[in-house]
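These notes concern the structure reproduced below.
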Amino acid sequence: MSGLMTGKRGLIMGVANDHSIAWGIAQALHAQGAELAFTYQGEGFGKRVRPLAEKVGADLVIPCDVEAIETVDSTFDTIEQAWGGIDFVVHAIGFSDRNELKGLYADTTRANFSRTMVISCFSFTEIAKRAANLMKDGGSMITLTYAGSTRVMPNYNVMGVAKAALEASVRYLAADYGQDGIRVNAISAGPIRTLAGSGVANAREMYNFQQRNSPMRRTVTIDDVGGSALYLLSDLSNGVTGEIHYVDSGYHITSMPIIEELKN
Ligand code: NAD
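Under our numbering, think of the first position of the sequence shown as 1143, with each following residue one higher.
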């Protein structure tokens, strides 16, 4: 199948480098004919994002730090001036102080709890509201989550709490905008080696554990996530909203480790 995204325009938020999940998604969308715009958080990331945007023919590359709401507003003003409307948005943004992505969840500070929630959860609601205003003919939005939202994962701590709230936001936003033909879904990705992923203590052990113990005996790639994002952002999923779609080699269906010695 080709040209699934031909004639559609969308915003990709959360590319830090070519290992980013958002970059895997951008490439899958570009390959199917989508026109893309990108945001980047600060000039340090801008230097990396601009050449990547160029590779997929994107001219709109906009600074946006979700902690500064005026930059979120200016991002959507820029999109409106350039395109008039928008068909899809990818929110692949998360942050917590790495000093609190280890040890006890109970030690989370009030300051980092609030900051993690604003950046990793509430920013999606603020972005969805602005994007929905530009989706006159309907549209599709996705965010990225992780299974630490519903089960305890070592060291994921406050990010797990933020992802639980993010997943609840997906359902409320899906209900808010469903009648306007706007769909809101999340992809729950298995562990992938990215900048954000490396902030969680012992991330490598988690990665290796899931590789050994997922039904498919492998971890997922940014291309795997890109394929599922393409489905959720294209018309192929026109009847789907409010879903948390797992792309994790099936890890979330297991109840205990599939260590070979335990079999038979
Ligand atoms: P990444 O480091 O490549 O991307 C994280 C992005 O968040 C970066 O581009 C960063 O600039 C952006 N960001 C952080 N704070 C921001 C702010 N204040 N304003 C604007 N942007 C900000 O890592 P990634 O793993 O690709 O992360 C993308 C999303 O996927 C995150 O929500 C993450 O929680 C989620 N996720 C990651 C994994 C994994 O194992 N890597 C698994 C499941 C879900």
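Glycine included, each C-beta is placed from N, C-alpha and C at the ideal position.
In this text, all values refer to a predicted model and were calculated from it rather than measured experimentally.
Following a CB-centred definition, is residue i positioned closer than 6 angstroms to any heavy atom of ligand 1?
i	result
Phe-1237	yes
Ala-1200	no
Pro-1333	yes
Ser-1162	yes
Glu-1185	no
Gly-1090	The structure shown does not extend to residue 1090, since the chain is modelled only from 1143 through 1406, so no value can be given for it.
Thr-1258	no
Tyr-1288	yes
Ala-1328	no
Leu-1337	yes
Glu-1209	yes
Ile-1395	no
Ala-1234	yes
Gly-1156	yes
Ile-1261	yes
Flag this pair as yes or no: are the beta carbons of residue i and residue j separated by less than 7 angstroms?
i	j	result
Met-1147	Ala-1176	yes
Thr-1258	Val-1300	yes
Ser-1356	Ser-1391	yes
Val-1389	Asp-1366	yes
Ile-1163	Ala-1273	no
Ala-1195	Val-1203	yes
Asp-1229	Gly-1281	yes
Gly-1316	Val-1326	What sits at residue 1316 in the sequence shown is Ala, not Gly. Yes, these two residues count as a Cβ contact at 7 angstroms.
His-1161	Thr-1363	no
Gly-1368	Ala-1170	yes
Ser-1330	Ala-1289	yes
Phe-1187	Ala-1200	no
Ile-1269	Ala-1371	no
Ala-1328	Thr-1292	no
Gly-1227	Leu-1276	yes
Asn-1297	Asn-1241	no
Tyr-1373	Thr-1361	no
Ala-1168	Val-1198	yes
What is the rounded straight-line gap between the Cα of residue i and the Cα of residue j?
i	j	result
Glu-1385	Gly-1245	31 angstroms
Pro-1333	Leu-1243	15 angstroms
Val-1231	Phe-1351	32 angstroms
Ser-1340	Val-1208	21 angstroms
Tyr-1314	Gln-1321	13 angstroms
Arg-1190	Lys-1405	46 angstroms
Leu-1178	Ile-1221	11 angstroms
Gln-1183	Ser-1379	30 angstroms
Ala-1253	Ser-1311	21 angstroms
Ser-1376	Lys-1150	9 angstroms
Tyr-1247	Asp-1239	12 angstroms
Ile-1400	Met-1295	17 angstroms
Tyr-1393	Met-1358	8 angstroms
Ile-1154	Pro-1205	12 angstroms
Thr-1213	Gly-1156	14 angstroms
Could you tell me the boundaries of the beta strand (DSSP E) in which residue i lies?
i	result
Met-1283	1281-1287
Val-1232	1230-1233
Ile-1401	Premise fails: Ile-1401 is in no beta strand (DSSP E) and is neither H nor E.
Leu-1153	1151-1155
His-1387	1386-1389
Pro-1205	1203-1205
What are the boundary residues of the alpha helix (DSSP H) that includes residue i?
i	result
Asn-1254	1252-1259
Ile-1221	1211-1225
Leu-1315	1299-1319
Ser-1370	1364-1375
Ile-1334	No alpha helix (DSSP H) holds Ile-1334; DSSP gives it neither H nor E.
His-1172	1163-1173
Tyr-1349	1345-1355
Phe-1187	1184-1197
Arg-1272	1265-1275
Check whether the Cβ of residue i lies closer than 6 angstroms to any heavy atom of ligand 2, and answer yes or no.
i	result
Met-1301	Ligand 2 is absent from the structure shown, which contains only ligand 1.
Review point. So does the segment 1259-1272 actually touch the segment 1289-1309, counting three or more Cβ pairs closer than 8 angstroms?
Key: Yes, since at least three Cβ pairs between the segment 1259-1272 and the segment 1289-1309 fall closer than 8 angstroms, the two stretches touch.
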